[in-house]
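Just below is one structure, and these are the notes that go with it.
There are 2 protein chains.
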Amino acid sequence: MKDKILIVGSGAIGGFYGGLLARQGADVSVVCRSDFQRVRRHGITIHSHSLSDWSFKPVQVLRQTEDYQDSADYIILCTKVIPDVQRADLIRGAVGKETAIVFIQNGIEIEQELLDAFPDNEIISGLAFICCNRIQLGTVDHLAYGHLALGNFPQGVSNKTRQLCTLFEQAGIACRATRDIVTARWQKNVWNAPFNPLSVLSGGLLTSDILSHQESLVCSIMLEVCGIAAATGHPLPEDIVGKNIASTYAMPPYKTSMLLDYQSGRPMETEAILGNTVRAGHRTNTSCPCLQTLYGLMKLRELQLSG
Amino acid sequence: MKDKILIVGSGAIGGFYGGLLARQGADVSVVCRSDFQRVRRHGITIHSHSLSDWSFKPVQVLRQTEDYQDSADYIILCTKVIPDVQRADLIRGAVGKETAIVFIQNGIEIEQELLDAFPDNEIISGLAFICCNRIQLGTVDHLAYGHLALGNFPQGVSNKTRQLCTLFEQAGIACRATRDIVTARWQKNVWNAPFNPLSVLSGGLLTSDILSHQESLVCSIMLEVCGIAAATGHPLPEDIVGKNIASTYAMPPYKTSMLLDYQSGRPMETEAILGNTVRAGHRTNTSCPCLQTLYGLMKLRELQLSG
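Listed in order, the protein sequences are those of chains A and B.
Mapped onto the working numbering, the consecutive letters of the first sequence carry residue numbers -2 to 304.
Mapped onto the working numbering, the consecutive letters of the second sequence carry residue numbers -2 to 304.
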């Protein structure tokens, strides 16, 4: 029987991963806002650097989850994590007894909110390692990478998680099932916490410029993230900072997602990436002055934008 | 006999304080660049919130110190302190045996360069506590405050320093002679080091917005400056952070000088205010992660502007 999957959010992440699942034969529907008309008429097109280009027509194209005419095996939440979006409210209309709630989103400590709202549902936390942009309504450009990590929150790997991993793997994307997705989320934040705010606060520099001119600052920030992760019970590998530095030097020059949001006038994931990290630092009495400075500056920058 | 004074730099600081001395009867000449024609023809006009408005015609209006046709008792350097301006070269042409070299400039550890270049001259270090802007060529707007602190470098108060203080006092401006101008310079930097970069990196916020939204960040940065000052042998009063916070709340909303420079596309005093502070921290093994983060960000911002 086909898996019934409802993608919430048809930006780059939702379009790309929803498209992969649809191509693999799953019954994929999509909830979208800004590109509703375009997706209803023409579906979503993915231009990929590594997989052949393809388009798909979602089974249902919806304005809100309440309109979903089926019982979802998986809801996959792919919106940005910003204070204005109440994630639980966004999906509640389509969450059934057997629905696994998946989210492929950035940030730290963003899981509990969904577990609290849906205590009887399976919560699958997902991380995407990908460079992709929605270049116009209904069109996603997949530039590099694409692999996923999935795991149940707070820990473990369920059969449903394994099954979703298998679907992604069959579609040609590496998907790792991990028993400790929270630690994986901290690992990803080691990169996100410095590069996202530095790209915005520098006025728009690429990752390569930031790293080559301020490597020691980047390392200091990464080490603070590692300290907080350890203090919350999720110690990271000792070589993680060195590996992140080396892999960023090896990456093509890259505009972070926060910079793209900033330059397009869209809200930024400041709280999910930076604010929650700093709050975890405070809660555990872990010193994080560099992160606090970046966070304070991002809040000032947001204040300035709103003024 | 009239004091012969050569003002180098006819921006807001040079125009205002040169104007005060001229009004008091001193023989004031001015070296200026961008507004040479305007000043030669019309002199400099000062609109003051507290003193009556006045204009003055410098005795000599010069393009460079080499053209000065006299023997200066005082050269008063009022340019910005930026890496592109070699301060010693700028004044060398008019430094005589008896010339006291005065500078009314922002920043930390900016004195030694001049003492090295002119080891036999008196070096008088000056600080201006003032809000003033050059609103157009040859016109200075004096918005608030105006008092000065003067002292010899590395320490002490000479007769010439006292005499200059008296001239300023007679012109209606409080001028304190201090035996420890280096400590006074650190005191002023307690305010400058946070507010100048925060105003630029926030995208242009006023001091009032910065303080009311990020008071604890401002305090952290101020405390780091105090730590470095103490480590270099210049401990500051214990209550200095609290007093700075209170006085900033009492100030009208204010655009920092660095923000004005940034918004006008002029070079900023990043090195004098922030870079030299961080370097003094490193030299004395004093932790200053917030300042390092701000400094790294300012360097990235400058890189972005130059790109």
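Here a beta-carbon is modelled for each residue, glycine too, at the ideal position from N, C-alpha and C.
Given the structure is predicted, the values throughout are model-derived calculations rather than measurements.
Practice task
Kindly indicate if chain B contains any beta-carbon less than 8 Å away from that of Thr62 (chain A).
Solution key: The residue labelled residue 62 (chain A) in the question sits at position 65 within the first sequence. Answer no: the Cβ-Cβ gap between Thr62 (chain A) and chain B never drops below 8 Å.
Handout entry: Residues that DSSP places opposite His144 (chain A) in a beta bridge
Key = The residue labelled residue 144 (chain A) in the question sits at position 147 within the first sequence. For His144 (chain A), which the question treats as bridged, DSSP gives the partners A:Phe126.
Exercise for the section: Within 10 angstroms of the Cβ of Asn156 (chain B), are there 16 or more other Cβ atoms? Answer buried if so, exposed if not. Expected result: Taking the first residue of the second sequence as 1, we reach residue 156 (chain B) at position 159. Looking at its Cβ environment, which holds fewer than 16 other Cβ atoms inside 10 Å, Asn156 (chain B) is exposed.
Practice task
Taking all protein chains shown into account, decide if Gln184 (chain A) is buried (16 or more other Cβ within 10 angstroms of its Cβ) or exposed.
Solution key: Within the first sequence, residue 184 (chain A) is the residue found at index 187, counting from 1. With 16 or more other Cβ atoms within 10 Å, it is buried.
Handout entry: For Ile72 (chain B), the three-state DSSP class (helix, strand or coil)
Key = Against the second sequence, residue 72 (chain B) aligns to sequence position 75. Of the three classes helix, strand and coil, the one that applies to Ile72 (chain B) here is strand, per DSSP.
Exercise for the section: Kindly say whether Pro286 (chain A), judged by its beta-carbon, lies nearer than 8 Å to any beta-carbon of chain B. Expected result: As a position in the first sequence, residue 286 (chain A) is number 289, starting the count at 1. Yes, Pro286 (chain A) counts as interfacial toward chain B.
Exercise for the section: Go ahead and label Leu202 (chain A) buried or exposed: buried means 16 or more other beta carbons lie within 10 angstroms of its beta carbon, across all protein chains shown. Expected result: The residue you call residue 202 (chain A) lines up with position 205 of the first sequence. It is buried - the Cβ of Leu202 (chain A) has at least 16 other Cβ atoms within 10 Å.
Problem - Limits of the alpha helix (DSSP H) - the one that Lys187 (chain A) falls within - result: Position 190 of the first sequence, counted from the first residue, corresponds to residue 187 (chain A). The question names Lys, yet the displayed sequence has Val at residue 187 (chain A). Taken as a continuous stretch (DSSP letters only), the alpha helix (DSSP H) holding Val187 (chain A) covers Ile178 to Leu198.
Handout entry: Residue-level contact to chain B via CB, Leu294 (chain A), 8 Å cutoff
Key = The residue given as residue 294 (chain A) occupies position 297 in the first sequence. Output row for Leu294 (chain A): interface = yes.
Practice task
Let me know if Gln289 (chain B) comes out buried or exposed under the rule of 16 or more other beta-carbons within 10 Å of its beta-carbon.
Solution key: For this step, residue 289 (chain B) is matched to residue 292 along the second sequence. Result: buried.
Problem - Bridge-paired residues (DSSP) for Ser45 (chain B) - result: Indexing the second sequence from 1 puts residue 45 (chain B) at position 48. Answer is B:His139, bridged to Ser45 (chain B).
Handout entry: Asp0 (chain B) and Leu140 (chain B) closer than 8 Å at C-beta
Key = Position 3 of the second sequence holds residue 0 (chain B). Position 143 of the second sequence holds residue 140 (chain B). In this structure, Leu140 (chain B) does not lie closer than 8 Å to Asp0 (chain B) by Cβ.
Problem - Min CB distance Gly224 (chain A) to chain B below 8 Å - result: Numbered from its first residue, the first sequence carries residue 224 (chain A) at position 227. Cβ-Cβ to chain B under 8 Å: no for Gly224 (chain A).
Practice task
Identify the contact partners of Gln289 (chain B) in chain A, using a Cβ-Cβ distance below 8 Å as the criterion.
Solution key: Locating residue 289 (chain B) in the second sequence gives position 292, where the first residue counts as 1. Result: Leu214, Ser217 and Cys287.
Exercise for the section: Report back the beta-carbon spacing between Gly8 (chain B) and Arg131 (chain B) to the nearest angstrom; my notes put them in contact at under 8 Å. Expected result: Here residue 8 (chain B) is taken as the residue at index 11 of the second sequence, counted from 1. Here residue 131 (chain B) is taken as the residue at index 134 of the second sequence, counted from 1. 5 Å between Cβ atoms; contact.
Problem - First through last residue of the beta strand (DSSP E) which encompasses Val25 (chain B) - result: Looking up residue 25 (chain B) in the second sequence gives position 28. Under the DSSP assignment, Val25 (chain B) falls in the beta strand (DSSP E) whose first and last residues are Asp24 to Val28.
Practice task
Compare the C-beta of Gln21 (chain A) against all C-beta atoms of chain B and say whether one is closer than 8 Å.
Solution key: As a first step, residue 21 (chain A) must be located in the first sequence, where it is residue number 24. Answer no: the Cβ-Cβ gap between Gln21 (chain A) and chain B never drops below 8 Å.
Practice task
Quick one: using the 10 Å Cβ neighbour count with 16 as the cut-off for buried, is Arg298 (chain B) buried or exposed?
Solution key: Mapped onto the second sequence, residue 298 (chain B) falls at position 301. Arg298 (chain B) is buried by the Cβ-count criterion.
Exercise for the section: Output, in sequence order along the chain, the residues in the segment 181 to 199 of chain A whose CB is closer than 8 Å to any CB in chain B. Expected result: Result list: Leu195, Leu198 and Ser199.
Exercise for the section: Would you tell me roughly how many angstroms separate the C-alpha atoms of Arg176 (chain A) and Val238 (chain B), rounded to the nearest one? Expected result: The residue you call residue 176 (chain A) lines up with position 179 of the first sequence. The residue you call residue 238 (chain B) lines up with position 241 of the second sequence. So the alpha carbons of these two residues sit roughly 48 Å apart.
Problem - Interface partners of Arg298 (chain A) on chain B, CB under 7 Å - result: Numbered from its first residue, the first sequence carries residue 298 (chain A) at position 301. Within 7 Å Cβ-Cβ: Ser199 and Gly200.
Problem - Rounded Cβ spacing between Leu17 (chain B) and Ile170 (chain B) (contact assumed at less than 8 Å) - result: The residue you call residue 17 (chain B) lines up with position 20 of the second sequence. The residue you call residue 170 (chain B) lines up with position 173 of the second sequence. Under the criterion of beta carbons closer than 8 Å, Leu17 (chain B) and Ile170 (chain B) qualify as touching, at roughly 6 Å.
Exercise for the section: For Lys1 (chain A), write down the residues that DSSP places opposite it in a beta bridge. Expected result: Taking the first sequence and counting its residues from 1, the one referred to as residue 1 (chain A) is at position 4. Note: Lys1 (chain A) sits in a beta bridge opposite A:Asp24.
Handout entry: Local Cβ density within 10 Å of Gly278 (chain B), reported as buried at 16 or more and exposed below that
Key = Counting from 1 along the second sequence, the entry for residue 278 (chain B) is found at position 281. By the 10 Å Cβ count, Gly278 (chain B) comes out buried.
Handout entry: Ile10 (chain B) versus Trp51 (chain B): straight-line alpha-carbon distance, rounded
Key = The residue you call residue 10 (chain B) lines up with position 13 of the second sequence. The residue you call residue 51 (chain B) lines up with position 54 of the second sequence. So the two alpha carbons sit approximately 15 Å from each other.
Problem - Chain-ordered residues of the segment 97 to 130 of chain A with a beta carbon less than 7 Å from chain B - result: none
Exercise for the section: Reducing DSSP to helix, strand and coil, say where Ile132 (chain B) ends up. Expected result: The residue given as residue 132 (chain B) occupies position 135 in the second sequence. Looking at Ile132 (chain B) - three-state DSSP - the assignment turns out to be strand.
Handout entry: Ala19 (chain A) versus Gln211 (chain B) - alpha carbon distance
Key = Walking along the first sequence from the start, residue 19 (chain A) turns up at place 22. Walking along the second sequence from the start, residue 211 (chain B) turns up at place 214. Cα-Cα distance, rounded: 47 Å.
Handout entry: Test item: CB-CB of Val187 (chain B) and Met219 (chain B) under 8 Å
Key = For the purposes of this step, residue 187 (chain B) is taken as residue 190 along the second sequence, with counting starting at 1. For the purposes of this step, residue 219 (chain B) is taken as residue 222 along the second sequence, with counting starting at 1. Yes. Within cutoff.
Problem - Gly241 (chain A) - partner residues in DSSP beta bridges - result: Working through the first sequence from its first residue, we reach residue 241 (chain A) at position 244. First, the residue type needs correcting, since residue 241 (chain A) is Asn and not Gly in the sequence shown. DSSP, once it has assigned bridges, lists no residue as partnering Asn241 (chain A).
Handout entry: chain A contact residues for His210 (chain B), given Cβ-Cβ distances below 7 Å
Key = Here the question's residue 210 (chain B) lines up with position 213 in the second sequence. Within chain A, the residues near His210 (chain B) are Lys296, Leu297 and Leu300.
Exercise for the section: Report buried or exposed for Asn241 (chain B), applying the criterion of at least 16 other Cβ atoms within 10 angstroms of its Cβ. Expected result: By one-based count along the second sequence, residue 241 (chain B) stands at place 244. Asn241 (chain B) is buried by the Cβ-count criterion.
Problem - Identity of the residue in A:Ile178, A:Gln260 and A:Pro191 nearest Ile101 (chain A) by Cα - result: In the first sequence, the residue the question calls residue 101 (chain A) occupies position 104. Out of A:Ile178, A:Gln260 and A:Pro191, A:Ile178 has the C-alpha closest to the C-alpha of Ile101 (chain A).
Problem - Three-way DSSP call (helix, strand, coil) for Arg173 (chain A) in this model - result: Stepping through the first sequence from its first residue, residue 173 (chain A) is reached at position 176. Three-state result, Arg173 (chain A): strand.
Practice task
Grab the span of the alpha helix (DSSP H) containing Ser205 (chain A) for me, first residue to last.
Solution key: The sequence position of residue 205 (chain A) within the first sequence is 208, counting from 1. Looking at the DSSP string, the run of the alpha helix (DSSP H) that includes Ser205 (chain A) is Thr204 to His210.
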